[in-house]
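Per this note's numbering, the sequence shown runs over residues 2 to 493.
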Amino acid sequence: MNQPLRVCMCTPELAPLAKTGGLADAVGGLTRALATAGCDVRVMLPAYSSVDRAAIRAVSIGSAGVDLGPSRVEVDLYEGRLPASPIPVYLIAHEPSFNRPGLYGEHGVDYPDNLRRFTVYGRGVLALLRRTAWSPDVVHCHDWQTALLPVWLRVEPAALPHETSTVLTVHNLAYQGVFDADDLPLTGLGRDLFTPRGIEFWGRVNVLKGGLAFADLLTTVSRQYAAEIQTPEFGCGLDGVLRDRRDDLVGIQNGVDYTVWDPASDVFIPARFTAEDLSGKAACKRHLQEAHGLAVDPAVPVLGLVARLAEQKGVDLLGATADAIIGLGAQLALLGSGDPRYEALFRTLQARYPKRVAVALGFDEPLAHLIVAGADAYLMPSRYEPSGLNQLYSLRYGTVPVVRRTGGLADTIVDATPDALARDVATGFVFDAYTPDAFLEAVKRAVFAFRDAAAWRRLQQAGMRADFSWRVAVPHYLDAYRRAAARRAARR
Ligand code: ADP
């Protein structure tokens with residue numbers, strides 16, 4: 002019998018254990034889907050204080066010393082299982098680094114020692130792999146926090162006793178891990194790598210750039226975003242590096258974990274529903290309106306938005322058009338946390354329109370599900386969107402997305418043009434220009450369409466039928482792993 006492919010997932014987030022955004026859901030969903038497809042997949046996660054160790058039945062498997070340049074620290078290692086699954090999860094514990102309220106920072110400010118923290122994590126992963134008998138075929142890294150691993154695995158021949166190829170997935174190119182050049186020694190990497198072809202970026206250390214240069218294969222989370230990040234407009238200064246590696250860069254659309262996000266089985270919502278019977282959705286809407294201070298009226302369209310409040314999400318377009326949107330007779334149900342500017346905007350809107358705008362600030366998983374289930378339409382006017390998950394969740398819940406044509410939003414939502422409507426393939430409302438006018442026009446189209454119950458029902462059902470499960474993405478990742486192994490073999 003063939004040996005199963007051994008995949009070591011190195012990630013700073015993993016749903017439901019540690020999450021600030023879509024990355025956690027994506028890695029959690031992909032990991033489970035790969036395991037279902039027969040891979041021997043194991044996850045390496047920093048032991049943040051928020052990780053529920055009881056939920057994963059974590060047990061100590063010892064400790065290890067790791068080098069931080071000239072100094073050395075001790076990490077504790079734990080092994081557990083992903084909730085409700087046999088998939089191993091390893092925790093890299095180091096109290097001074099990870100016993101903090103945030104994953105990367107607090108109140109919108111990054112921890113100043115993030116390079117040190119994630120160097121401890123990465124070196125901890127290598128220490129753990131050296132001491133277990135398990136030797137992965139591929140080390141699959143996610144975002145800058147893990148991007149030193151492909152560099153070490155290329156330039157330090159003794160990093161692991163066995164050959165392994167590396168894949169780096171970029172979930173959001175805007176977050177690169179940029180630090181002072183003086184911090185380079187922490188990583189153990191030599192000055193010879195501190196060049197524009199290596200890890201240097203305008204005189205500073207850029208961890209993601211190192212990973213992009215040294216991983217055997219690169220992936221990102223939609224085809225459109227893979228193309229966009231090779232352009233100066235979306236490349237965040239790294240478009241040249243990505244163009245150099247365009248033959249090794251693959252866009253794979255993120256999937257949805259329908260065991261968590263499905264209105265037929267969702268444990269967070271007050272009533273369940275399916276495409277055939279949407280009565281439960283009406284109950285969810287009523288509950289959303291009632292519990293969050295909105296005027297209860299099934300005829301009023303509720304527009305939902307759940308997001309990290311960052312510039313990326315296009316919240317300023319909402320700010321510029323909110324009065325007009327309310328003027329259309331719609332209600333807004335908003336949940337988010339992040340940039341204080343946008344939190345203040347949300348508060349102002351709520352104060353101005355108490356029965357028409359519901360606002361919750363903070364991170365609230367049950368409320369996120371309620372909004373996705375109870376709203377009629379879902380707003381994603383993103384400036385850029387590598388994959389986007391909320392538009393996919395919304396589709397499944399019969400909540401029609403209004404999105405800007407960028408990244409994964411462009412790849413997954415079919416605009417309700419007369420032609421697409423006639424062919425029954427339309428799933429949402431798409432606009433192009435990043436302007437308040439273009440956004441408002443799309444919202445108007447949605448609110449207008451909502452008034453025609455039969456046509457709206459067809460839009461909802463087309464979205465609910467769409468399949469964005471991880472199963473679809475798995476063959477593409479397996480192919481990426483094969484290509485990474487071939488690249489590595491070719492260098493030998
Ligand atoms: P991103 O990864 O850029 O944050 P995505 O749309 O890919 O955007 O994923 C966002 C994920 O994070 C979704 O699961 C969404 O429901 C969740 N999320 C974002 N903000 C919040 C919040 N304040 N409360 C609960 N869930 C949130």
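C-beta: ideal position from N, C-alpha, C; glycine also.
{"query": "Residues bridged to Asp41 (per DSSP)", "result": "Arg7"}
{"query": "Per-residue DSSP class, three states only, for Leu104", "result": "coil"}
{"query": "Leu161 (DSSP reduced to helix, strand or coil)", "result": "coil"}
{"query": "Inter-residue Cα distance where the pair is Leu380 and Asp53", "result": "32 Å"}
{"query": "As assigned by DSSP and simplified to three states, the class of Gln392", "result": "helix"}
{"query": "Opening and closing residue of the beta strand (DSSP E) in which Arg73 lies", "result": "Ser72 to Arg82"}
{"query": "Contained beta strand (DSSP E) runs [length at least 3] in the region 411 to 475, N- to C-terminal order", "result": "430 to 432"}
{"query": "From Ser64, Pro113, Asp183 and Leu194, residue whose alpha carbon lies closest to that of Arg132", "result": "Ser64"}
{"query": "Span of the alpha helix (DSSP H) around Gly125", "result": "Asn115 to Arg132"}
{"query": "Cβ contact check for the region 133 to 152 and the region 174 to 184: 3 or more pairs under 8 Å", "result": "yes"}
{"query": "8 Å contact criterion, which Leu410 and Val401 should meet: CB distance rounded", "result": "No, Leu410 and Val401 are not in contact; Cβ-Cβ is about 13 Å, not under 8 Å."}
{"query": "Residues that Ala402 bridges to, as DSSP identifies them", "result": "The sequence shown places Pro at residue 402, rather than the Ala named in the question. Answer by DSSP bridge pairing, in chain order: Tyr379."}
{"query": "Contact test: Gly320 Cβ vs the ligand ADP heavy atom, cutoff 7 Å", "result": "no"}
{"query": "Straight-line gap, Phe451 to Val316 (C-alpha atoms, nearest Å)", "result": "23 Å"}
{"query": "Residues near Ala36 by beta carbon distance below 6 Å, same chain, minus five either side", "result": "Val42 and Ile88"}
{"query": "Coarse secondary structure for Cys237, derived from DSSP in three states", "result": "coil"}
{"query": "Three CB pairs or more closer than 8 Å across the region 425 to 433 and the region 479 to 487", "result": "no"}
{"query": "Where Gln461 falls, given that 16 or more other Cβ within 10 Å makes a residue buried", "result": "buried"}
{"query": "Span separating the alpha-carbon of Arg7 from that of Gly123", "result": "19 Å"}
{"query": "Contact test: Val307 Cβ vs the ligand ADP heavy atom, cutoff 7 Å", "result": "yes"}
{"query": "Which of helix, strand or coil DSSP assigns to Gln332", "result": "strand"}
{"query": "The region 329 to 337 in contact with the region 360 to 378 per 3-pair CB rule at 8 Å", "result": "yes"}
{"query": "Collapsed DSSP secondary structure at Ile93 in the structure displayed", "result": "strand"}
{"query": "For His293, three-class secondary structure by DSSP", "result": "coil"}
{"query": "Helix, strand or coil at Glu277 [DSSP, three-state]", "result": "coil"}
{"query": "For Ala34 and Arg472, the rounded distance between their alpha carbons", "result": "6 Å"}
{"query": "Boundaries of the beta strand (DSSP E) in which Leu306 is found, first to last residue", "result": "Val303 to Leu310"}
{"query": "Terminal residues of the alpha helix (DSSP H) in which Gly211 lies", "result": "Val208 to Phe215"}
{"query": "Beta-carbon proximity check, Ala417 vs Gly429, cutoff 8 Å", "result": "yes"}
{"query": "Stretch-stretch touch, CB-based, cutoff 8 Å, three pairs: the region 367 to 382 with the region 350 to 357", "result": "no"}
{"query": "The ligand ADP heavy atom lying under 7 Å from the CB of Glu1", "result": "Residue 1 falls outside the range modelled here, since the chain spans only 2 to 493, and no answer is possible."}
{"query": "Local Cβ density within 10 Å of Phe449, reported as buried at 16 or more and exposed below that", "result": "exposed"}
{"query": "Distance cut-off 7 Å: Gly173 Cβ against heavy atoms of the ligand ADP", "result": "Going by the sequence as given, residue 173 is Asn instead of Gly. Within the cutoff, so yes."}
{"query": "Secondary structure, beta strand (DSSP E): runs of 3+ residues fully inside the region 237 to 261", "result": "250 to 252"}
{"query": "Closer than 7 Å: Glu366 CB and nearest the ligand ADP heavy atom", "result": "yes"}
{"query": "Beta carbon of Gly211 nearer than 8 Å to that of Gly199", "result": "yes"}
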